[in-house]
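Let me begin by presenting the structure, written as structure tokens, before commenting on it.
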Amino acid sequence: MFAVFAVRGLRDRSNPKRLGNAVFWGLMALSFLGGDRIGDLGNGMIVIALAVLAGAGALGRGRQVVDREAQQAAAARHGNWLFAAALIIPAVALIGTFALPGSGLVDPKQVTLVSLGLGVVIAFAVCLAWLRPRPLESLEGGRSMIDSVGWAAALPQALAALGAVFALAGVGAVVGGLIAPMLPHGVRLAAVIAYTVGMAGFTMVLGNAFAAFPVMTAAIGLPILVNGLGGNPAPICALGMLSGFCGTLMTPMAANFNIVPATLLELDDRYGVIKAQFMTALPILAVNTALMDWLAFR
Amino acid sequence: MLTLIGIAVIVVGFALRLNPLAVVVAAGLATGVAAGLSPLAVVAALGKAFNTNRYVSVIWVVLPVIGLLERHGLQERARGLIAGIGAATPGRLLTVYLVFRQITAALGLIAIAGQAQTIRPLVAPMAEAAAERQRPLTGADRQRLRAMAAATDNVGVFFGEDIFLAVASILLIKGFLEVNGIVVSPFGLSVWAIPTAIAALLVHGFRLWRLDRSFK
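Which chain is which? The protein sequence lines are A and B, in order.
According to the working numbering, numbering within the first sequence proceeds without interruption in unit steps and concludes at 306.
According to the working numbering, numbering within the second sequence proceeds without interruption in unit steps and concludes at 219.
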């Protein structure tokens with residue numbers, strides 16, 4: 009993992025134009041490189057500082073000059089070998105995922121991420137040797153991309169942290185206490201809908217099905233569907249989580265899936281990806297609800 | 004009751020269009036304090052979880068390589084390749100990608116493709132090139148195609164990964180049920196993701212077919 013973090017840290021500190029960006033990415037690099045050594049409170053301070061910087065609008069993006077003609081000329085010159093270079097990353101990730109676990113060198117749970125990091129290092133080395141970019145050019149392209157993503161790059165981590173605080177504070181029990189009295193007693197479909205739609209809705213608020221799952225399952229899934237109506241816990245939980253994923257497709261809070269791609273693809277509408285996903289997510293949510301009602305109570 | 008204040012903070016913060024990162028951290032602080040924890044304990048809890056979840060941000064390491072290749076014409080080349088294939092339509096291209104993404108995700112290969120790794124440099128330009136063969140594209144067409152390419156990646160991963168035994172969501176369910184005295188095997192959970200995966204393929208595949216019709 010540390011090779012990955014080192015590469016990332018190096019890139020994060022790569023000469024940003026503005027002070028706000030420099031501090032923001034510097035703090036991210038600090039979190040990645042030294043997060044295990046500075047203690048929980050130190051990490052918490054980093055989180056607060058990142059939020060204040062983002063909230064104060066301290067992040068900007070530099071003007072990016074794209075030379076399309078030069079790009080087209082380069083495309084003609086390098087031909088399909090450009091694909092080969094781009095595919096090094098997934099190919100190494102794929103091979104590493106299967107080959108590395110037997111070696112005993114890395115933690116099996118992290119093997120795909122380690123392989124991904126390895127792929128990046130190899131691909132980068134190949135590109136440097138083959139394309140011979142000017143020294144700063146190599147980092148400049150990645151930097152302008154990460155600057156256009158901006159604060160959203162840190163949002164997924166912050167949401168995971170929010171879920172942890174919610175669990176610590178016992179939000180699930182409170183939500184369950186509110187919803188349970190509203191359900192008609194013994195009407196199964198109503199309870200199933202409350203759970204699946206509740207998972208989707210809560211995921212939309214939290215931006216993360218992982219954070220919504222413990223809350224909604226402690227509130228409705230276990231006490232009503234499993235213990236009250238005798239449902240099979242495995243399909244209830246699996247379909248509940250998938251209902252949460254439907255919510256993930258419909259919320260700007262899931263920034264890494266919905267907002268970041270919109271900026272990466274230079275869409276004018278930052279909600280464009282969410283709008284494209286709406287009409288896929290809603291039918292799947294309905295299917296999940298029907299499947300749960302059908303499969304979990306046999 | 005007061006512990007729900009975090010949800011209120013998120014909803015209000017979003018309605019006011021404040022910066023989401025700041026809103027999320029504020030919601031965490033408010034929830035912790037409302038639940039009777041000391042402010043320093045809340046900050047420490049936030050920091051601990053932020054630190055243990057660093058792996059979700061590792062994906063950004065691919066950006067320098069993609070950026071460098073794009074400067075040397077990767078996107079143009081992707082467009083050129085698709086423009087030369089007769090049968091390629093944006094809908095067919097994205098359907099093939101959807102199936103590829105669902106199958107690889109079901110095998111646990113989630114990080115091998117993605118928005119930064121494959122959609123921006125390869126799939127989105129290819130979809131645009133395929134559509135361009137059928138009729139000239141307006142700016143709005145391009146935006147729609149790119150958004151659909153990004154959506155296809157998300158749908159493929161979300162409704163493929165849960166079939167894999169060792170994915171985070173399956174492990175989370177297993178852990179949660181164990182704490183509550185119910186023992187299930189990861190396989191016993193992941194089989195229930197298969198019907199939804201098929202439904203996702205049908206629903207999104209139908210929408211991609213409709214996308215193609217709009218370019219005829």
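From the three backbone atoms N, C-alpha and C, an ideal C-beta is built for every residue, glycine too.
Note that the structure is predicted; figures quoted are calculated from it, not measured.
Would you decide whether Pro-189 (chain A) is buried or exposed? Buried here means 16 or more other CB atoms lie within 10 Å of its CB.
exposed
Under 8 Å by Cβ, that's how I've got Thr-6 (chain B) and Val-182 (chain A) pegged, so tell me the actual separation to the nearest angstrom.
5 Å
Val-295 (chain A) burial status per 10 Å Cβ neighbour count (16 or more: buried)
buried
With distance defined between alpha-carbon atoms, name the residue in B:Lys-177, B:Leu-204, B:His-207 nearest to Met-249 (chain A).
B:Lys-177
Looking only at its chain, what residues have a beta carbon closer than 8 Å to the beta carbon of Gly-127 (chain A), apart from the 5 residues adjacent to it on each side?
Within the same chain, Gly-127 (chain A) has close Cβ partners Ile-96, Ile-97, Pro-98, Ala-99, Val-100, Ala-101, Gly-104.
First and last residue of the uninterrupted alpha helix (DSSP H) at Phe-218 (chain B)
Taken as a continuous stretch (DSSP letters only), Phe-218 (chain B) belongs to no alpha helix (DSSP H), as it is neither H nor E.
Using a Cβ-Cβ cut-off of less than 8 Å, list which residues of the segment 9-20 of chain B approach chain A; keep chain order.
Gly-9, Ile-10, Ile-13, Val-14, Phe-17
Is Gly-50 (chain A) close to chain B, meaning its C-beta is less than 8 Å from at least one C-beta of that chain?
yes
Whether Leu-49 (chain B) touches Ala-92 (chain A) by CB criterion (8 Å):
no
Under a CB-based cut-off of 8 Å, is Met-151 (chain B) close to chain A?
yes
Are there three or more Cβ pairs, one per stretch, closer than 8 Å when the segment 253-261 of chain A is compared with the segment 177-191 of chain B?
no
Chain B partners of Ile-54 (chain A), CB-CB under 8 Å?
Gly-50, Phe-53
Is it a yes or a no for the segment 128-135 of chain B touching the segment 145-152 of chain B, going by three-plus beta-carbon pairs under 8 Å?
yes
If you follow the alpha helix (DSSP H) that Met-300 (chain A) is in, where does it begin and where does it stop?
280-303
Short CB-CB distance (under 8 Å) between Gln-120 (chain B) and chain A
yes
Among A:Leu-136, A:Ile-56, A:Ala-57, A:Ser-123, which one has its Cα closest to the Cα of Leu-90 (chain A)?
A:Leu-136
Segment contact, 8 Å Cβ cut-off, at least three pairs: the segment 181-192 of chain B with the segment 267-276 of chain A
no
As a quick exercise: from A:Leu-139, A:Met-53, A:Ile-56, A:Leu-35, pick the residue whose alpha carbon is nearest that of Phe-75 (chain B).
Correcting the residue identity first, residue 75 (chain B) is His in this sequence and not Phe. Nearest of A:Leu-139, A:Met-53, A:Ile-56, A:Leu-35 to His-75 (chain B), Cα basis: A:Leu-139.
Is the shortest distance between the beta-carbon of Asp-301 (chain A) and the beta-carbons of chain B less than 8 Å?
No, no contact with chain B.
Would you check if the distance between the CB atom of Ala-127 (chain B) and the CB atom of Arg-149 (chain B) is smaller than 8 Å?
yes
Check whether the Cβ of Thr-92 (chain B) lies closer than 8 Å to any Cβ atom in chain A.
So no, Thr-92 (chain B) is outside the interface.
Does the ligand NAD have a heavy atom nearer than 7 Å to the CB of Leu-71 (chain B)?
This structure simply doesn't include the ligand NAD, nor any ligand for that matter.
Test: Gly-280 (chain A) CB closer than 8 Å to a CB of chain B
By this cut-off, Gly-280 (chain A) is an interface position.
Looking at the C-beta of Leu-180 (chain B), does it have a partner C-beta in chain A at a distance below 8 Å?
yes
Of all the options A:Ala-242, A:Val-179, A:Gly-185, which has the alpha carbon lying nearest to the alpha carbon of Ser-188 (chain B)?
Selection A:Ala-242, A:Val-179, A:Gly-185 evaluated against Ser-188 (chain B) yields A:Ala-242 as nearest (Cα-Cα).
Once the 5 residues before and after Ile-187 (chain A) are set aside, which same chain residues still bring their CB inside 8 Å of it?
Ala-202, Gly-206, Ala-227, Ile-228
Comparing alpha-carbon positions, which option in A:Arg-196, A:Val-200, A:Ala-289 lies nearest Leu-205 (chain B)?
A:Ala-289
Rounding to the nearest angstrom, what Cα-Cα distance links Met-9 (chain A) and Val-36 (chain B) in this structure?
At Met-9 (chain A), the pLDDT of 43 sits below 50, so the modelled position is not reliable and the matter cannot be decided from this model.
Starting from Phe-305 (chain A), find everything on chain B with Cβ-Cβ shorter than 9 Å and list it in chain order.
Residues of chain B passing the Cβ test: none, with the nearest at roughly 13 Å.
Run through chain B and tell me which residues come within less than 8 Å of Gly-178 (chain A), C-beta to C-beta.
Thr-6, Ala-38
Where the segment 190-206 of chain A meets chain B: residues whose CB sits under 9 Å from a CB there
none
I want to see whether chain B comes within less than 8 Å of Pro-231 (chain A), judged by CB atoms only; does it?
no
Own chain residues within Cβ distance below 8 Å of Gln-137 (chain B), not counting five before or after:
Thr-92, Phe-218, Lys-219
From which residue to which residue does the alpha helix (DSSP H) around Val-15 (chain B) run?
8-18
Leaving out the 5 sequence neighbours to the left and right, which residues in its chain are closer than 8 Å to Val-26 (chain B) when beta-carbon positions are compared?
Val-12, Ile-13, Gly-16, Phe-17
Taking Cβ positions, are Ser-39 (chain A) and Asn-22 (chain B) nearer each other than 8 Å?
no
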